[in-house]
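Chemist: So the sequence shown is numbered by the working numbering: it starts at 9 and just counts up by one. Yeah, the Cβ is synthetic: ideal placement off N, Cα and C, and Gly gets one too.
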Amino acid sequence: MANLITFSRVILSLIMLFFPTGSSRFYCCYLLAGFSDMIDGTVARKCETANDFGARLDTIADVFFVAASVYKLLPVLNIPVEIWIWTGVIAMIKVINIISGYVINKQFISVHTTANKLTGLLLFILPLSTAVIDIRYSTIVVCMAATFAAIQEGHFIRTGKQS
């Protein structure tokens with residue numbers, strides 16, 4: 009059941025590409041895909057069906073959803089240059105985390121922190137909020153959360169702690 013929910017995210021992501029950005033059909037697919045991402049892991053754990061295949065499928069579904077969302081939303085969101093620069097700094101911190109995790113542990117480490125999950129939620133809500141919150145302000149909130157999450161993730165990787 010969980011894998012079907014996860015796979016639905018791939019299908020919904022592909023369908024999103026055929027609808028005009030901002031249309032009710034686009035946002036219906038966007039919301040359903042986002043909701044599937046929020047519940048598939050919980051369903052897998054509750055049904056005791058969590059496995060490596062499901063985890064890989066989840067990653068693939070996430071890539072499809074992010075790629076479709078970026079393709080459709082970036083052209084219509086007027087993101088300030090300063091936010092792009094800040095995003096680049098966050099990306100550099102995350103790359104440093106990946107490298108240091110490999111150096112310390114001799115393997116790639118992925119830390120699923122509450123701050124990372126909050127950042128994902130804020131990113132998901134961002135395009136939905138543009139009608140009521142100026143994107144200049146909402147992107148600052150997202151970048152603050154992402155910066156904290158990236159720094160915290162690096163700390164956990166280097167100290168071996170989990171959130």
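In chain order, what residues of the same chain have a beta carbon less than 7 Å from the beta carbon of I159, not counting five sequence neighbours either side?
Modeler: Taking the first residue of the sequence shown as 1, we reach residue 159 at position 151. So the list reads I101, once near-sequence residues are dropped.
Chemist: Taking V84 and T29 to be in contact with their CB atoms under 8 Å, please state how far apart those CB atoms are, rounded to whole angstroms.
Modeler: Walking along the sequence shown from the start, residue 84 turns up at place 76. Walking along the sequence shown from the start, residue 29 turns up at place 21. Yes, V84 and T29 are in contact; Cβ-Cβ is about 5 Å, under 8 Å.
Chemist: Do M24 and A69 count as a contact pair if the criterion is CB distance below 8 Å?
Modeler: What you label residue 69 is simply residue 61 of the sequence shown in a count that begins at 1. What you label residue 24 is simply residue 16 of the sequence shown in a count that begins at 1. It is not a contact, given that the beta carbons lie outside the stated cut-off.
Chemist: Could you check the C-alpha separation between G62 and N11 for me, to the nearest Å?
Modeler: For the purposes of this step, residue 62 is taken as residue 54 along the sequence shown, with counting starting at 1. For the purposes of this step, residue 11 is taken as residue 3 along the sequence shown, with counting starting at 1. The straight-line gap from Cα to Cα measures roughly 6 Å.
Chemist: Going by other Cβ atoms of all chains shown within 10 Å of its Cβ, with 16 needed for buried, is E161 buried or exposed?
Modeler: In the sequence shown, the residue the question calls residue 161 occupies position 153. Looking at its Cβ environment, which holds 16 or more other Cβ atoms inside 10 Å, E161 is buried.
Chemist: Please name the residue in C151, K54, V74, C55 whose C-alpha comes closest to that of V97.
Modeler: If you number the sequence shown from 1, residue 97 lands on position 89. Checking every option, the nearest Cα to that of V97 belongs to C151.
Chemist: Within the same chain, show all residues whose beta-carbon is closer than 7 Å to that of I91, passing over the 5 residues directly before and after it, in chain order.
Modeler: The residue given as residue 91 occupies position 83 in the sequence shown. Result list for I91: T147, C151, in chain order.
Chemist: Spatial neighbours of T105 within its chain, please: CB distance less than 6 Å, with the 5 preceding and 5 following residues excluded, ordered by chain position.
Modeler: In the sequence shown, counting from the first residue as 1, residue 105 sits at position 97. For clarity, residue 105 is Asn in the given sequence; the question names Thr instead. Once the five neighbours on either side are set aside, the close Cβ partners of N105 are E161, G162, I165.
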